[in-house]
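Numbering (the numbering used here), first residue to last: 538 to 729.
This is the structure:
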């Protein structure tokens, strides 16, 4: 299964498991059905549950009348929400009448471990979003550092005029050529 992509899980309960019923699942392209023997009553409920938060399971009315000849089918739409190995559990409840009251008995039918994957494009999208969040934090930090540096530079500019008055004029720097090196005259002396 793949995160975000719905899959259909079909459950058929019949009083008599016939080859035609299992062939129907194969013909629909659902693969080889798993046949499990459970106690069957006139009314039954079937539940499909997944690990907490790992799946979104859309289920039909769980309580149904079991048809004599063709059985009764439940169609569940399962959409994985998290990557990893998660468990889907199918249970069938037999509903019996005792002293004019309904009594329900739950039979665990089977558990299946499902490896849920994330499509490559979705993985890149998640990494990009995470990267933007980190980059956004770094940009905020850079803006803060720029503001602090600007404040420090502003303070130094304010302090410079007072310092210049005390020192007097600055001496001239030696003459440099185009490349920033001091130039020599023809006798090999440095020019000022």
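We treat Cβ as the ideally placed atom computed from N, Cα and C, and that holds for glycine.
Compare the C-alpha of residue 600 against each of 626, 623, 584 and name the closest. 584
Compute the Euclidean distance between the alpha carbons of residue 562 and residue 581, then round it to the nearest angstrom. 21 Å
Euclidean distance between Cα positions of residue 610 and residue 618: 25 Å
So, under 8 Å CB-CB, residue 646 and residue 572 are touching, yes? Tell me the CB distance rounded to an integer number of Å. With 8 Å as the limit, residue 646 and residue 572 do not qualify as a contact, their Cβ atoms being about 11 Å apart.
Close beta carbons around residue 634, own chain, < 8 Å, minus the five adjacent residues each side: 640
Please check the pair residue 578 and residue 631, which I expect to be a contact at CB under 8 Å, by giving their CB distance rounded to whole angstroms. 5 Å
For residue 564, which of helix, strand or coil comes out of DSSP? helix
Check whether the Cβ atoms of residue 614 and residue 570 lie closer than 9 Å to each other. no
7 Å CB neighbourhood of residue 621 in its chain, flanking five on each side removed: 653
Rounded to the nearest angstrom, what separates residue 602 and residue 612 at their Cα positions? 15 Å
Do the CB positions of residue 644 and residue 628 come within less than 9 Å of each other? yes
Can you say whether residue 550 is buried or exposed, counting buried as having 16 or more other CB atoms within 10 angstroms of its CB? buried
Span of the beta strand (DSSP E) around residue 610: 609-617
Which residue marks the beginning of the beta strand (DSSP E) containing residue 629, and which one marks its end? 621-635
Quick check: the Cα distance between residue 546 and residue 650, rounded to an integer number of angstroms? 14 Å
Separation of residue 539 from residue 637, as counted between CA atoms: 46 Å
Report back the beta-carbon spacing between residue 592 and residue 559 to the nearest angstrom; my notes put them in contact at under 8 Å. Actually they are not in contact, since the Cβ atoms of residue 592 and residue 559 sit about 25 Å apart, beyond 8 Å.
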